[in-house]
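From first to last, the protein sequence lines stand for chains A and B. Quick note on my numbering: the first sequence kicks off at 1 and runs consecutively. Quick note on my numbering: the second sequence kicks off at 328 and runs consecutively. We put the beta carbon where it would ideally sit given N, CA and C, even for glycine. Remember, predicted model here, so these are calculated numbers, not experimental data. Worksheet: one structure, shown below.
Number of protein chains: 2
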Amino acid sequence: MALELDIIARHFQQPGLAGDPLKHRHIRLGIGDDCALLNVPRGKQLALSMDVLVEGVHFPADAPPALLAQRALAVNLSDLAAMGADPFCFTLGLTMPAADEAWLSGFSAGLKESAERYACPLVGGNLARGPLQVAIQVQGLLPKGDALLRSQARPGHDVWVSGETGRAGLALEWLQGKCPDISTEQEEELLAAYYRPEPRLALGQELRDVASAAQDVSDGLLIDLSRLAQQSRVKITVEIAAMPLAGILTSLRDSSDVFRLAMTAGDDYELVFTAASSKRRAVQAAARKAGVTVSRIGTVSAGEGVDVLDLSGRPLAFEAAGFEHFR
Amino acid sequence: MALELDIIARHFQQPGLAGDPLKHRHIRLGIGDDCALLNVPRGKQLALSMDVLVEGVHFPADAPPALLAQRALAVNLSDLAAMGADPFCFTLGLTMPAADEAWLSGFSAGLKESAERYACPLVGGNLARGPLQVAIQVQGLLPKGDALLRSQARPGHDVWVSGETGRAGLALEWLQGKCPDISTEQEEELLAAYYRPEPRLALGQELRDVASAAQDVSDGLLIDLSRLAQQSRVKITVEIAAMPLAGILTSLRDSSDVFRLAMTAGDDYELVFTAASSKRRAVQAAARKAGVTVSRIGTVSAGEGVDVLDLSGRPLAFEAAGFEHFR
């Protein structure tokens, strides 16, 4: 059986995945010593975020390893996007029951593709025996003082969301067998939504001087908005009529189900953000530059919590606001 | 049952553990947003290291939570020590089967004690349901270009080790019931060696201008030395007669067992390092300043691999060089 260092050398120290010293000149030392060493350029701040994905909790037991790798990196990059940061590098803490060479090849190939695509190489980490879990920490760079925080929404600001939400939630229900009889094309769309979410990095960067507050939609729009409202000490009102709805949701589910998925399902990794109403043109321009659609879905006012208004302006209630561990 | 954010607020955002904005002025944003934000001071490099501890693999199922927390942070700080870095801050990815308030109180109290002791606050991370695992990433700071690497040992240099090795290995055998009839005092010494290893941070920092190469003893002196030899492309010869032996080892085990433990048992988190022979006084002075004993145990020469010579100068063989996952 292969030993740790052999596995690391064969699967994780490969060019592309572990970066190229010429292309990544601020990474002074990558995989293989006690620590990685980074030079943070002058005038920049370092942004850090760690997410752990657990088999059976965050992904199905038979998840394709390449897609799992890409999903694990994407959910971390999405946190950088929500601060407006540029990807710098990442570390990986992988535990697995046994050294399965085929699985490792698939996993590292998927990881390499994403590392190259986002110019975010692997610089270190840890490999150990244990239940299958993928811990990733991303490091990002930001011009000092430019980070998009959750605490800066103010009464009078608009609330925006990128893309459409609920697609990954529908994908999860489909993976759980709750969505039979769909076309191959629809299957592909759902698989991609679940395993290959697109971190909205370009949008986050374009919004640095435009948005007031931002966060990503990881546990569900409603619960994530309630966190933003709490940290900004404001109230947020969302009009369900303004919500962007994915075609696949409206074609497969009836309207109450569509709203439930769009408002409370997690894993879409879209950005939800606020901006002064004087910035509407700037928001649209930023979105165009980033190649992403954005929708104005509500407003910020004094108060606390999140209200969702139905098509006739009455408050809508949902059974759960989103995904919570330890409920 | 408590929800994630409540658990984080109650157990992990407490003063001391999560740091103090006045004391840690380079930490611009800690727990609670999408990312933590750090300012890296001019002239400094950032050192990163991540370790994952798995229940049943890296610690017993009934490990006391406060000690487990301290051990998890210590093994990461030891990697900073091996580079000569100063602790900056850490992130935590904790997965656990259920939100056990008593366990969480113990865990966060232990973590807080260590965070304050090493001036290394918690700045972010992730809490999720899953098998019990503790992933920690430490961030450290180093004057640019001053890191102690594994690749700089040269023929003619001496090989040194701090403290004594094998104590944590004996502790593990005792925890596994292989070491009956020991005194309460001996029990305490072994428990401390296993759960509260002392990362050799001061020694690492003092050695920055003195040692040529360094690494910490995490998997066993022999296997860790072989990694250092491999990365420096040199041969290392250790004389067993020069090895510092802990009193508790020699009083409880016979000599072949003592040598096996001292050479191949992991988890002591001492530093093993090389230095030019002209630096012997400087090494001793660095050790005195750090309040740690060091022993000169061998030499570096041209070639590859690690030889251990017995009391009469003949090569000694060991069944295993140290701990390996996926053997």
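Contact check, residue i vs residue j, beta carbons under 7 Å
| i | j | result |
| --- | --- | --- |
| residue 445 (chain B) | residue 524 (chain B) | no |
| residue 486 (chain B) | residue 421 (chain B) | no |
| residue 522 (chain B) | residue 355 (chain B) | no |
| residue 273 (chain A) | residue 214 (chain A) | yes |
| residue 469 (chain B) | residue 374 (chain B) | yes |
| residue 414 (chain B) | residue 467 (chain B) | yes |
| residue 297 (chain A) | residue 243 (chain A) | yes |
| residue 584 (chain B) | residue 405 (chain B) | no |
| residue 221 (chain A) | residue 165 (chain A) | yes |
| residue 588 (chain B) | residue 517 (chain B) | no |
| residue 162 (chain A) | residue 271 (chain A) | yes |
| residue 429 (chain B) | residue 550 (chain B) | no |
| residue 633 (chain B) | residue 552 (chain B) | yes |
| residue 219 (chain A) | residue 323 (chain A) | yes |
| residue 125 (chain A) | residue 384 (chain B) | no |
| residue 480 (chain B) | residue 561 (chain B) | yes |
| residue 205 (chain A) | residue 84 (chain A) | yes |
Residue range of the unbroken beta strand (DSSP E) whose run includes residue i
| i | result |
| --- | --- |
| residue 453 (chain B) | 449-456 |
| residue 423 (chain B) | 413-423 |
| residue 235 (chain A) | 235-239 |
| residue 15 (chain A) | First-last for residue 15 (chain A): undefined, no H or E at that position. |
| residue 74 (chain A) | From DSSP, residue 74 (chain A) is part of no beta strand (DSSP E) but of the alpha helix (DSSP H) over 65-83. |
| residue 50 (chain A) | 44-54 |
| residue 615 (chain B) | Per DSSP, residue 615 (chain B) belongs to no beta strand (DSSP E); it is in the alpha helix (DSSP H), 607-617. |
| residue 624 (chain B) | 621-628 |
| residue 489 (chain B) | 485-489 |
| residue 600 (chain B) | 598-602 |
| residue 36 (chain A) | 36-38 |
Beta-carbon contacts of residue i that lie in its chain and below 6 Å, excluding the five residues immediately before and after
| i | result |
| --- | --- |
| residue 137 (chain A) | 50, 91 |
| residue 506 (chain B) | 500 |
| residue 495 (chain B) | 520, 521, 594, 595 |
| residue 40 (chain A) | 46 |
| residue 609 (chain B) | 537 |
| residue 459 (chain B) | 382, 423 |
Span of the alpha helix (DSSP H), counted from its first residue to its last, around residue i
| i | result |
| --- | --- |
| residue 545 (chain B) | It is not in any alpha helix (DSSP H) - residue 545 (chain B) carries neither H nor E in the DSSP assignment. |
| residue 305 (chain A) | Per DSSP, residue 305 (chain A) belongs to no alpha helix (DSSP H); it is in the beta strand (DSSP E), 305-309. |
| residue 253 (chain A) | First-last for residue 253 (chain A): undefined, no H or E at that position. |
| residue 329 (chain A) | Residue coverage of chain A in this structure runs from 1 to 327, which leaves residue 329 (chain A) outside it and unanswerable. |
| residue 531 (chain B) | 528-533 |
| residue 167 (chain A) | 167-175 |
| residue 191 (chain A) | 184-195 |
Residues near residue i by beta carbon distance below 7 Å, same chain, minus five either side
| i | result |
| --- | --- |
| residue 328 (chain B) | Reliability of the predicted coordinates at residue 328 (chain B) is poor, the pLDDT of 40 falling under 50, and no value is obtained from them. |
| residue 431 (chain B) | 334, 338 |
| residue 127 (chain A) | 4, 7, 8, 94 |
| residue 370 (chain B) | 470, 471 |
Chain-order list of residues whose beta-carbon lies under 8 Å from that of residue i (same chain, five-residue window excluded)
| i | result |
| --- | --- |
| residue 122 (chain A) | 12, 17, 18, 19, 30, 31, 89, 90, 91, 92, 111, 115 |
| residue 74 (chain A) | 114, 196, 197, 198, 199, 269 |
| residue 14 (chain A) | 108, 112 |
| residue 302 (chain A) | 155, 234, 235 |
| residue 304 (chain B) | This structure cannot speak to residue 304 (chain B), because chain B is shown only from 328 to 654. |
Cβ of residue i within 7 Å of any chain D Cβ
| i | result |
| --- | --- |
| residue 527 (chain B) | Structure shown: chain D not included; protein chains present are A and B. |
Check: residue i C-beta below 6 Å from any heavy atom of the ligand MN
| i | result |
| --- | --- |
| residue 152 (chain A) | This structure simply doesn't include the ligand MN, nor any ligand for that matter. |
Self-check item: Residues of the segment 48-67 of chain A with Cβ closer than 9 Å to any Cβ of chain B, in chain order
Solution: Those residues of the segment 48-67 of chain A that come within reach of chain B (Cβ to Cβ, closer than 9 Å) are 48, 49, 50, 51, 52, 53, 54, 55, 56, 57, 58.
Quiz prompt | At least three beta-carbon pairs within less than 8 Å, the segment 45-64 of chain A to the segment 387-407 of chain B | solution = No contact exists between the segment 45-64 of chain A and the segment 387-407 of chain B.
Practice problem: Report the residues of the segment 355-377 of chain B with a CB closer than 9 Å to any CB of chain A, ordered along the chain. | Solution: For the segment 355-377 of chain B, the set of residues with a beta-carbon nearer than 9 Å to any beta-carbon of chain A comprises 355, 356, 359, 360, 361, 362, 363, 364, 365, 366, 367, 369, 371, 372, 373, 374, 375, 376, 377, in chain order.
Quiz item: Using a Cβ cut-off of 9 Å, which residues of the segment 464-482 of chain B contact any Cβ in chain A, in chain order?
Solution: Listed in sequence order: 464, 465, 466, 467, 469, 471, 472, 474, 475, 476, 477, 478.
Self-check item: the segment 630-637 of chain B in contact with the segment 558-569 of chain B per 3-pair CB rule at 8 Å
Solution: Contact between the segment 630-637 of chain B and the segment 558-569 of chain B is present: 3 or more CB-CB pairs across the two stretches fall below 8 Å.
Quiz item: Should the segment 31-45 of chain A be called in touch with the segment 473-485 of chain B, which here means at least 3 C-beta pairs below 8 Å?
Solution: The segment 31-45 of chain A is in contact with the segment 473-485 of chain B.
Quiz item: Of the residues that make up the segment 402-421 of chain B, which ones have a beta carbon closer than 9 Å to any beta carbon in chain A?
Solution: Correct list: 405, 406, 407, 408, 409, 410, 412, 416, 418, 419, 420, 421.
Exercise. Can you give me, in chain order, the residues of the segment 528-544 of chain B that have a beta carbon less than 7 Å from any beta carbon in chain A?
Key: Of all residues in the segment 528-544 of chain B, those with a C-beta nearer than 7 Å to a C-beta of chain A are 542, 543, reading in chain order.
Quiz prompt | Touch test, the segment 482-500 of chain B against the segment 604-614 of chain B, Cβ-Cβ under 8 Å, three pairs minimum | solution = At 8 Å Cβ cutoff, the stretches touch.
Exercise. Evaluate the contact criterion for the segment 281-293 of chain A versus the segment 223-231 of chain A: three or more CB pairs, one atom per stretch, below 8 Å.
Key: No: the two stretches stay apart, fewer than three of their Cβ pairs being nearer than 8 Å.
Quiz item: Quick one, which residues of the segment 434-460 of chain B are near chain A if we go by CB-CB under 9 Å, in chain order?
Solution: Answer in chain order: 450, 451, 452, 453, 454, 455, 456, 457, 458, 460.
Quiz item: According to a CB-to-CB cut-off of less than 8 Å, which residues of the segment 216-234 of chain A neighbour chain B?
Solution: Under the 8 Å Cβ criterion, the segment 216-234 of chain A contributes 216, 227, 231.
Quiz item: the segment 272-296 of chain A: which residues have C-beta closer than 8 Å to a C-beta of chain B, in chain order?
Solution: Residues: none.
Exercise. Quick one: which residues of the segment 307-323 of chain A get their C-beta closer than 7 Å to a C-beta of chain B? List them in chain order.
Key: Going along the segment 307-323 of chain A in chain order, one finds no residue with a Cβ nearer than 7 Å to chain B.
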